[in-house]
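Only one structure is covered here, and it is reproduced in the block below.
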Amino acid sequence: MEKKIGFYQEVRISPNCKEKNKKYIGKKGGVMGVSEEDGVLYGYSIKLYDEEYLLSFDKDEVIPTGKQLTQDDFY
């Protein structure tokens, strides 16, 4: 089973992301939601620091930075 990135963990958008997400490469934000079903991880809802809304990324499009944030950092 793959290691899931936890809620409010900081991530960076991978250079290997889908074409539609290329404008977000290198940007950082936090995990607000996880998309999974029957133990299969599909992707994450990410709140990038400089974007107003949540964005969806596939699991391979985000890289954890190792920094754990809290809910207060986003609300």
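Numbering of the sequence shown is given in this note's numbering, commencing with residue 14 and proceeding in unit increments. Backbone N, C-alpha and C define an ideal beta-carbon position, used for all residues, glycine too.
Taken through DSSP and simplified to helix, strand or coil, Lys41 comes out as strand. Per DSSP, reduced to three states, the secondary structure at Glu32 is helical. The DSSP assignment places complete beta strand (DSSP E) segments of no fewer than 3 residues inside the segment 47 to 82 at 53 to 61, 68 to 71 and 75 to 81, in order along the chain. In this model, Phe20 and Met45 are separated by some 6 Å (Cα to Cα).
When C-alpha distances from Thr83 are compared across Glu49, Gly42, Ile26 and Glu32, the shortest belongs to Gly42.
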